[in-house]
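Chemist: Starting off with a structure, shown below.
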Amino acid sequence: MKTENENIHFDHLSRKYPAKVPEGYFDALTGKVMDKSREVNFSARGKVSVRFVKPAIGFAASVLVFFTLVFLQKEKIFQDEKQFNQALNQTFDVELLLKYHLSDQTIFEALNDSEADNQSTNDSLESELLASVSEYELFDLTH
Amino acid sequence: MYAGKIFMSDDNLIGRLKDPKQKRLAFHELVTIYREKLYWHIRKIVISHDDTDDILQNVFVKVWNNIDTFREESSLYTWLFRIATNEALTFLSKQRRKRIFFVESEEDYLLTQLEADEYFDGDEIQKKLMCQVLKLPKKQRLVFNMKYFDGMKFTEIAEVLNLTTGALKASYHHACKKIEEGLKKDV
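Top line first, the protein sequences correspond to chains A and B.
To convert, note that position 12 of the first sequence is 12 in our numbering; the numbers rise steadily by one, no gaps.
To convert, note that position 121 of the second sequence is 121 in our numbering; the numbers rise steadily by one, no gaps.
Shown next, in the form of structure tokens:
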């Protein structure tokens, strides 16, 4: 193995790298590097605030998404419940109508009165029923 | 040569670089001390002056950002040379990826850079020597540059490249042989 003092055949050539730099390059370089380090410092400060803001935004977004989902689900549940109650009322109304042999005209009006709200429909049906059933039957019906 | 006389005050410089109050002034000092050595080290790897300029600025920015994490397990100059070497080699890798569609080897790319280098001021024989150097494998080229042109000791090169001195001596020996043979053929 040759050593550090190895005799190289092209050793007569200059050991200086054969190139130059533009005039005043190194002096200008120091200034450029110092400016860059200042820029880095400035952007690093921005990065620090972003580092703290980012998780906060992420957390807020997660909370928002969570509550939106919960709200929508709750709305859906209430809507289902409402529909169920309406269906139950209607079934109950139809059963009553059929059970107590009301006139066809009354049944028709009760079922197709789309403009009247449910409460008023129910009230009118109730008064119709009360008018047509005996006290015994009424007692049996309400208990 | 490198570590001995020029960088005797490195410990003091590192201390000031890590002190927020003195950091900027100490960094200015560091840039002034090392700019030329690092420049020529990078220039020999990437050849082009403009590329060297970009890489060197990145090296100093990295030093500025990471000086607090420098654990002083190696000397400052070794650390700087290591960063510079890595940055230059990373640059060449990126260039290789960009050239993938042009089927141009790294050697061809560097030879083109040498041909186009308006700041090259060597004579014909020096140009031939450089062409032979650029034909060397990457590791051998690095070792040759650091030993032949920079006059660094094998122990110093070993620290920078993280290789054993035995491996470095072998690399340098092979590099010299190849260059000699190449120059003989060329003449």
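Here a beta-carbon is modelled for each residue, glycine too, at the ideal position from N, C-alpha and C.
1. Between the stretch 117–139 of chain B and chain A, which residues of the former have CB atoms less than 8 Å from a CB of the latter, in chain order?
2. Could you tell me whether the Cβ of Lys32 of chain A comes closer than 8 Å to any Cβ of chain B?
3. State yes or no: is the beta carbon of Ile55 of chain B nearer than 8 Å to at least one beta carbon in chain A?
4. Quick check on DSSP: helix, strand or coil for Phe120 of chain B?
5. On the DSSP bridge assignment, give the partners of Ala19 of chain A in chain order.
6. According to DSSP, is Asn65 of chain B part of a helix, a strand, or is it coil?
7. Report, in whole angstroms, the separation of the C-beta atoms of His41 of chain B and Ala84 of chain B, which I expect to be a contact under 8 Å.
8. Measure the alpha-carbon distance for Leu89 of chain B versus Ser74 of chain B and round it to whole angstroms.
9. Helix, strand or coil, according to DSSP, for Gln140 of chain B in the structure here?
10. Specify whether the stretch 15–30 of chain B and the stretch 39–53 of chain B touch according to this definition: at least 3 beta carbon pairs, one from each stretch, less than 8 Å apart.
11. My understanding is that Leu134 of chain B touches Glu107 of chain B, with C-beta atoms under 8 Å, so please give their C-beta distance in whole angstroms.
12. If you compare alpha carbons, which of B:Asp10, B:Pro137, B:Thr69, B:Tyr77 is closest to Lys37 of chain B?
13. Just the Cα atoms here: how many angstroms apart are Cys176 of chain B and Asp35 of chain A?
14. If we count Cβ pairs, one from each stretch, closer than 8 Å, do we get three or more for the stretch 150–169 of chain B versus the stretch 118–135 of chain B?
15. So Gln140 of chain B packs on Ser171 of chain B, CB below 8 Å; how close in whole Å?
16. If you count every other CB in all the chains shown that lies within 10 Å of the CB of Arg43 of chain B, and 16 or more means buried, which is it?
17. Could you check how far apart the C-beta atoms of Ile179 of chain B and Gln132 of chain B are, in whole angstroms? I think they sit under 8 Å.
18. Can you find the residues in the same chain that come closer than 7 Å, C-beta to C-beta, to Ala3 of chain B, ignoring five residues on each side of it along the sequence?
19. May I ask which residues mark the beginning and end of the alpha helix (DSSP H) holding Gly15 of chain B?
20. Using a beta-carbon distance below 8 Å, is Glu36 of chain B in contact with chain A?
21. For a quick check, are the C-beta atoms of Gln95 of chain B and Val33 of chain A less than 8 Å apart?
22. With H, G and I counted as helix, E and B as strand and the rest as coil, what does DSSP make of Thr164 of chain B?
23. Quick one: which chain A residues come within Cβ less than 9 Å of Arg43 of chain B?
24. Under 8 Å Cβ to Cβ from Lys169 of chain B, same chain only, skipping five residues before and after it: list those, please.
25. What's the C-alpha gap between Thr52 of chain B and Lys185 of chain B?
26. Reducing DSSP to helix, strand and coil, say where Glu200 of chain B ends up.
27. Would you kindly work out how many angstroms separate the C-alpha atoms of Phe71 of chain A and Pro55 of chain A, rounded to a whole number?
28. List the residues of chain B that Phe71 of chain A touches, going by C-beta distances under 7 Å, in chain order.
29. Note down, in chain order, each residue of its chain lying with its Cβ closer than 6 Å to the Cβ of Tyr34 of chain B, except the 5 sequence neighbours on either side.
Modeler: So, to answer that:
1. Asp117, Tyr119, Phe120, Asp121, Gly122, Asp123, Ile125, Gln126, Lys127, Leu129, Met130
2. yes
3. no
4. strand
5. B:Phe120
6. helix
7. 5 Å
8. 21 Å
9. helix
10. no
11. 6 Å
12. B:Tyr77
13. 42 Å
14. no
15. 5 Å
16. buried
17. 4 Å
18. Because Ala3 of chain B carries a pLDDT of 46, less than 50, the predicted location of this residue cannot be relied on, and the following value inherits that uncertainty. Excluding sequence neighbours, Ala3 of chain B sits near Ser75, Tyr77, Glu156.
19. 10–17
20. yes
21. no
22. coil
23. Tyr17, Ala19, Val21
24. Phe154
25. 31 Å
26. Outside the displayed span of chain B (1 to 187) sits residue 200 of chain B, for which this structure offers no information.
27. 24 Å
28. Near Phe71 of chain A there are no residues of chain B at all, since even the closest Cβ is about 46 Å away, more than 7 Å.
29. Leu80
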